[in-house]
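What follows is a single structure, written as structure tokens, with notes after it.
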Amino acid sequence: MSHRTPDHPPKTTDETGSGPARGGKRAGLAGGAAGSMTVLAGALLLGSLLLPDQPDRLTPAAFARLPGEGVLLTVVLLVLPPRARRPGAVGIGVLVGLVTLLKCLDIGFYTVLFRPFDLVLDWGLLGSAADCLRQTSGRAGELAALAGVLLLVVAAPALTAAATVRLSTVMARHRARSVRVVLVLGTAWTTCVVLGLRTDGAPVAAALDAGLLGDRARQVRVSLADARLFGRRTAVDAFARTPADRLLTGLRGKDVLFTFVESYGRAAIEDPAMGPRVGAVLKEGTAALAAAGFGARSGWLRSPVTGGGSWLAHSTFLSGLWVSNQQRFRTLTSSDRTTLTGAFRRTGAWRTVGIVPGVLVAWPEGRFFGLDHVYDGRHLDYHGPGFGWSQVPDQFALETFRRREFGKRGRRPLMAEIVLTSSHYPWAPVPRAVDWAALRDGSVFRRVRRGGATEKEVWRSPETVRAAYRGSVEYALHSLIGFVRRYGDNNTVLVFLGDHQPVPTVTAHSPRKDVPVTLVAHDPKVLARITGWGWTEGLKPAPNAPVWPMDGFRDRFLTAFGPRPG
Numbered sequence: 047m048s049h050r051t052p053d054h055p056p057k058t059t060d061e062t063g064s065g066p067a068r069g070g071k072r073a074g075l076a077g078g079a080a081g082s083m084t085v086l087a088g089a090l091l092l093g094s095l096l097l098p099d100q101p102d103r104l105t106p107a108a109f110a111r112l113p114g115e116g117v118l119l120t121v122v123l124l125v126l127p128p129r130a131r132r133p134g135a136v137g138i139g140v141l142v143g144l145v146t147l148l149k150c151l152d153i154g155f156y157t158v159l160f161r162p163f164d165l166v167l168d169w170g171l172l173g174s175a176a177d178c179l180r181q182t183s184g185r186a187g188e189l190a191a192l193a194g195v196l197l198l199v200v201a202a203p204a205l206t207a208a209a210t211v212r213l214s215t216v217m218a219r220h221r222a223r224s225v226r227v228v229l230v231l232g233t234a235w236t237t238c239v240v241l242g243l244r245t246d247g248a249p250v251a252a253a254l255d256a257g258l259l260g261d262r263a264r265q266v267r268v269s270l271a272d273a274r275l276f277g278r279r280t281a282v283d284a285f286a287r288t289p290a291d292r293l294l295t296g297l298r299g300k301d302v303l304f305t306f307v308e309s310y311g312r313a314a315i316e317d318p319a320m321g322p323r324v325g326a327v328l329k330e331g332t333a334a335l336a337a338a339g340f341g342a343r344s345g346w347l348r349s350p351v352t353g354g355g356s357w358l359a360h361s362t363f364l365s366g367l368w369v370s371n372q373q374r375f376r377t378l379t380s381s382d383r384t385t386l387t388g389a390f391r392r393t394g395a396w397r398t399v400g401i402v403p404g405v406l407v408a409w410p411e412g413r414f415f416g417l418d419h420v421y422d423g424r425h426l427d428y429h430g431p432g433f434g435w436s437q438v439p440d441q442f443a444l445e446t447f448r449r450r451e452f453g454k455r456g457r458r459p460l461m462a463e464i465v466l467t468s469s470h471y472p473w474a475p476v477p478r479a480v481d482w483a484a485l486r487d488g489s490v491f492r493r494v495r496r497g498g499a500t501e502k503e504v505w506r507s508p509e510t511v512r513a514a515y516r517g518s519v520e521y522a523l524h525s526l527i528g529f530v531r532r533y534g535d536n537n538t539v540l541v542f543l544g545d546h547q548p549v550p551t552v553t554a555h556s557p558r559k560d561v562p563v564t565l566v567a568h569d570p571k572v573l574a575r576i577t578g579w580g581w582t583e584g585l586k587p588a589p590n591a592p593v594w595p596m597d598g599f600r601d602r603f604l605t606a607f608g609p610r611p612g
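The number in the working numbering is simply the position in the sequence shown, starting from 1, with 46 added.
The structure is reproduced here in structure tokens:
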């Protein structure tokens with residue numbers, strides 16, 4: 047058997063890739079990947095600990111700080127015995143993830159409601175948020191958002207737990223070096239506290255999560271006690287035993303319309319970017335109503351909410367109680383409290399109706415508020431398009447009220463609760479006024495909607511949002527003033543008000559919760575009844591007009607229009 051000499055020398059282990067050289071390269075790549083994963087884990091935990099809970103604090107400087115919680119958690123991981131290290135790391139990581147989710151909820155609530163999420167009282171509002179999303183973005187948008195939320199709820203604790211486990215493993219492997227790093231970080235954190243070092247107005251030595259959890263513990267205690275306190279207040283009712291024949295004697299024979307204008311807040315009148323245009327509408331409306339024989343007086347009310355939660359403001363105004371959360375709302379509506387609208391029904395002298403186009407499901411609360419009949423969004427005979435959240439333009443809602451109730455011959459006096467929704471977030475698109483005679487079934491609004499701006503166009507900047515909001519308020523006011531001019535008579539009494547300020551994007555994060563309130567009447571005797579209120583003449587309240595808490599209106603109104611002493 048012969049042996050052939052190879053034409054080429056055998057390859058080295060470097061060339062075949064099966065020896066130490068290739069193995070070293072793989073080890074280097076693996077080590078680099080492991081190092082990258084460790085860095086990513088550290089960055090994730092650092093970002094979670096430093097994430098602010100308010101949208102206006104989401105700046106790069108917010109993440110250029112040293113979290114005291116991070117130093118403390120690192121110490122805990124170092125001192126844990128080997129058996130407890132992994133479960134301890136998982137528990138700590140899950141806690142960090144849950145706190146991160148809480149801060150995300152806070153960001154959302156501050157963006158819309160200008161307050162943090164309440165762990166006891168606010169869970170029901172999440173369903174309302176989903177409904178709003180469905181009406182503004184459709185069912186597909188709602189489902190996509192819900193899927194994203196569920197993914198975040200699962201992913202946040204899982205990722206922070208995995209990151210904490212990885213860091214704890216690395217620290218255990220390099221214990222001596224980790225101890226030195228922790229000592230340096232602890233010293234740096236203490237030094238920053240002592241020297242009071244700050245970045246972008248915030249302390250470099252951060253302790254955000256510790257403060258957040260402390261605040262929430264106090265909030266939970268207060269919220270749990272709130273139910274008992276509010277229940278006692280509900281039972282105290284100055285008008286519960288007032289005989290029916292002594293209620294609202296100063297308005298007998300009048301048609302009284304309580305009208306809420308969505309998001310009509312003080313910013314609409316006083317913000318430099320919006321006030322001049324809205325003020326012009328109010329000035330022209332005052333003159334037009336005066337020419338038709340109507341007078342008006344205006345003041346301010348302080349709403350219990352801002353940015354959203356209209357039903358809480360409505361129930362505060364009507365019940366004379368400060369209804370600032372869903373728990374209070376449920377307690378109120380399960381009581382026998384006398385509401386302003388219910389007082390009209392008690393007298394037997396008025397037919398009481400509700401025009402609530404934003405309600406698209408069964409609304410049993412209508413009976414609590416003393417309404418004989420409710421026209422919700424499904425029963426207004428509207429066949430036109432929706433406008434963002436608002437399904438029925440204000441002008442059409444008012445015209446339907448006239449056609450179904452107000453314009454009927456031989457009817458009893460009416461008391462109506464009317465909710466105008468065209469100025470509801472997100473103000474895209476906004477309706478515009480059409481000829482009242484052309485309203486018919488609402489189909490005329492199809493071409494109006496085609497010419498309107500999309501939500502993407504409106505929300506490209508705070509300036510465009512404010513312009514769209516201003517336009518929606520102008521439309522609502524034009525509709526209401528036009529209705530009174532066209533259909534009002536000597537027996538018409540209108541009380542209209544905003545329910546709350548708009549979202550912080552519009553108010554530039556103003557903490558004020560004031561809304562305008564106006565009483566319009568043709569009969570001067572009605573206006574004479576409120577002379578002592580100190581309200582401004584006309585549709586626009588003066589800056590120094592009285593500001594009442596919204597829960598004070600019911601008693602003032604029932605007193606002013608009750609029997610006069612002597």
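Virtual Cβ for every residue (Gly too), placed ideally from N, Cα, C.
Rounded to the nearest angstrom, the gap between the Cα atoms of residue 541 and residue 151 is 36 Å. Per DSSP, the beta-bridge partners of residue 464 are 305 and 401. Contact annotation: residue 143 and residue 202 have beta-carbon atoms nearer than 7 Å.
Buried is the label assigned to residue 235, since at least 16 other Cβ atoms lie within 10 Å of its Cβ. Excluding sequence positions up to five before and after residue 97, its CB lies within less than 7 Å of the CB of 146 and 149, all in the same chain and listed in chain order.
Around the C-beta of residue 419, fewer than 16 other C-beta atoms lie within 10 Å, and the residue is accordingly described as exposed. Residue 172 counts as exposed, since fewer than 16 other C-beta atoms from the protein chains shown sit within 10 angstroms of its C-beta. Sequence-distant Cβ neighbours of residue 443 in its own chain, meaning closer than 6 Å and more than five residues away, are 401 and 403. The shortest CA-to-CA distance from residue 531 to any of 297, 460 and 482 is the one to 482.
Exclusion of the five residues before and after residue 84 leaves 212, 213 and 216 as the residues of its chain whose Cβ lies within less than 8 Å of its Cβ. Contact annotation: residue 245 and residue 342 have beta-carbon atoms that are not nearer than 7 Å.
In this structure residue 344 is buried. Its beta-carbon is surrounded by 16 or more other beta-carbon atoms within 10 angstroms.
Taking each of 92, 121 and 123 in turn and checking the Cα distance to residue 108, the smallest one comes out for 92. Under the three-state reduction of DSSP, residue 376 is assigned to helix. Spatial neighbours of residue 113 in its own chain (CB-CB distance under 8 Å, excluding positions within 5 residues in sequence) are listed in chain order as 92, 95, 96, 252, 253, 254 and 255. DSSP, read as helix, strand or coil, puts residue 208 in helix.
Straight-line measurement puts the Cα of residue 136 at about 52 Å from the Cα of residue 316. With respect to the 7 Å criterion, residue 468 and residue 439 are classified as neighbours on the basis of their beta carbons.
Note that the region 310-328 does not touch the region 446-459; fewer than 3 beta-carbon pairs, one per stretch, sit closer than 8 Å.
Residue 260 and residue 363 have their C-alpha atoms spaced approximately 33 Å apart. Our two residues, residue 466 and residue 348, have alpha carbons roughly 19 Å apart in a direct line.
For residue 361, the number of other beta carbons within 10 angstroms of its own is at least 16, and it is reported as buried. In the structure shown, the three-state DSSP call for residue 524 is helix.
Of the candidates 232, 208 and 101, 232 places its Cα closest to the Cα of residue 118. Look at the beta carbons and you see the region 290-300 not touching the region 362-377: under three pairs across the two are nearer than 8 Å. Setting aside the 5 residues that flank it on each side, residue 138 is surrounded in the same chain by 119 and 210, each with a C-beta closer than 6 Å to its C-beta; the list follows chain order. With at least 16 other beta carbons inside 10 angstroms of its own, residue 586 counts as buried. Per DSSP, residue 563 is one residue of the beta strand (DSSP E) stretching across 560-567. For residue 383 against residue 283, the beta-carbon gap comes to about 6 Å, under 8 Å, which counts as contact. Boundaries around residue 344 are those of the beta strand (DSSP E), 341-348, since no alpha helix (DSSP H) includes it.
Note that the C-beta distance between residue 546 and residue 488 is not below 7 Å. Runs of alpha helix (DSSP H) with 4 or more residues, each lying fully within the region 135-181, are absent. For the beta strand (DSSP E) assignment, the uninterrupted runs of no fewer than 3 residues enclosed by the region 430-490 are, from N- to C-terminal side, 460-466. Scanning its chain for C-beta atoms nearer than 8 Å, with the 5 sequence neighbours on each side dropped, one finds around residue 560 the residues 311, 312, 346, 347, 348, 349, 547 and 593, in chain order. The DSSP-derived three-state label of residue 291 is helix.
Scanning 286, 607 and 563 for the CA closest to the CA of residue 575 turns up 607.
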